[in-house]
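Visitor:
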Amino acid sequence: MSIKYVSKNLFLLKRIIPIEINRTLSSTCYHWKILGVGACKKLASKAQDNLQSLGYKNTKVIGINDTKESDEEFIKKLKEEQWDAISIGGYVNGFDLNFPINDNNVPKNREDILIWFNRILNLIHEQAPKSKIILVKSPEHIHEGIQRIMKKKSND
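The sequence shown begins at 1 in the UniProt record's numbering and counts up by one.
#1: Near K77, what residues of its chain come up, given a Cβ to Cβ distance below 7 Å and the 5 sequence neighbours on each side ignored?
#2: Can you tell me where the alpha helix (DSSP H) holding N50 begins and where it ends?
#3: When we look at the beta-carbon of I115 and count the other beta-carbons within 10 Å, is it buried (16 or more) or exposed?
#4: DSSP beta-bridge partners for A85?
#5: Taking just the CA atoms, how far does L51 sit from K117?
#6: May I ask you to report which of helix, strand or coil DSSP gives K137?
#7: With DSSP as the reference, label G145 as helix, strand or coil.
#8: Classify F64 as helix, strand or coil using the three-state DSSP reduction.
#9: Taking the alpha carbon of V106 as the reference point, which residue from F74, V136, C40 and M150 has its own alpha carbon closest?
#10: Specify the secondary structure class of L25 as computed by DSSP and reduced to three states.
#11: Who are the Cβ neighbours of E73 in its own chain at under 8 Å, not counting the five residues just before and after it?
#12: Which residues mark the beginning and the end of the alpha helix (DSSP H) in which F95 is found?
#13: In the structure shown, what three-state DSSP assignment does K151 receive?
#14: Have a look at N93, Q147 and R119 and flag the residue whose alpha-carbon is nearest the alpha-carbon of S70.
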């Protein structure tokens, strides 16, 4: 939906020039608290911006890797909120292994990815046991995944 805002010439003595601003606003607003995790820190901010443009107001998307420091950061994020759901990206969950990850701290072979994914699932289970888990194929599919799991939860 596109809305036009026009300032009116309220102060004729000052000769204020009307200004027109076009903004596209999402007509939907989602209040679920969603934490998204993926293997690429660079894509995290883009995914975050995309979710906000779709009306998600309580989301945080972070990039994680297979290190103790990353696990500690992830645990800290899990404890920050009572998340309604945690979305796990396609590379971390083993779905999209063809995605080019240029981080030495991200596993490359299937067995290491499976072990990493298993550890991530257990961290979620321990730190956020009430949160739903959403598995997605890629950053572009986070919205679809959230709708699939959270709409079902709303209908229960």
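Here a beta-carbon is modelled for each residue, glycine too, at the ideal position from N, C-alpha and C.
Guide: Based on what the coordinates show:
#1: Within the sequence shown, the letter at position 77 stands for residue 77. The answer, listed in chain order, is L35, K60 and I62.
#2: What you label residue 50 is simply residue 50 of the sequence shown in a count that begins at 1. Unbroken alpha helix (DSSP H) run through N50: K41 to S53.
#3: Walking along the sequence shown from the start, residue 115 turns up at place 115. Looking at its Cβ environment, which holds fewer than 16 other Cβ atoms inside 10 Å, I115 is exposed.
#4: Taking the sequence shown and counting its residues from 1, the one referred to as residue 85 is at position 85. BP columns for A85 point to I34 and K132.
#5: In the sequence shown, the residue the question calls residue 117 occupies position 117. In the sequence shown, the residue the question calls residue 51 occupies position 51. Contrary to the premise, residue 117 reads as Phe rather than Lys in this sequence. Looking at the two C-alpha atoms, the distance is approximately 23 Å.
#6: Here residue 137 is taken as the residue at index 137 of the sequence shown, counted from 1. K137 falls in the coil class under three-state DSSP.
#7: Translated into the one-based positions of the sequence shown, residue 145 becomes position 145. Helix.
#8: For this step, residue 64 is matched to residue 64 along the sequence shown. In the sequence under discussion, the amino acid at residue 64 is Ile, which differs from the Phe named in the question. I64: coil per DSSP, three-state reduction.
#9: Residue numbering aside, residue 106 sits at position 106 when the sequence shown is read from its first letter. Taking only the C-alpha atoms, the option nearest V106 is C40.
#10: For the purposes of this step, residue 25 is taken as the residue at position 25 of the sequence shown. Unreliable positioning characterises L25 in this predicted model, as indicated by a pLDDT of 47, which lies under 50. The coordinate reading is nonetheless provided below. Of the three classes helix, strand and coil, the one that applies to L25 here is coil, per DSSP.
#11: Working through the sequence shown from its first residue, we reach residue 73 at position 73. Once the five neighbours on either side are set aside, the close Cβ partners of E73 are I62 and I64.
#12: Here residue 95 refers to the residue found at position 95 when the sequence shown is read from its first residue. Segment: none, F95 is in no alpha helix (DSSP H) and carries neither H nor E.
#13: Your numbering for residue 151 matches position 151 in the sequence shown. Here K151 sits in helix by DSSP.
#14: In the sequence shown, the residue the question calls residue 70 occupies position 70. Ranking N93, Q147 and R119 by Cα distance to S70 puts R119 first.
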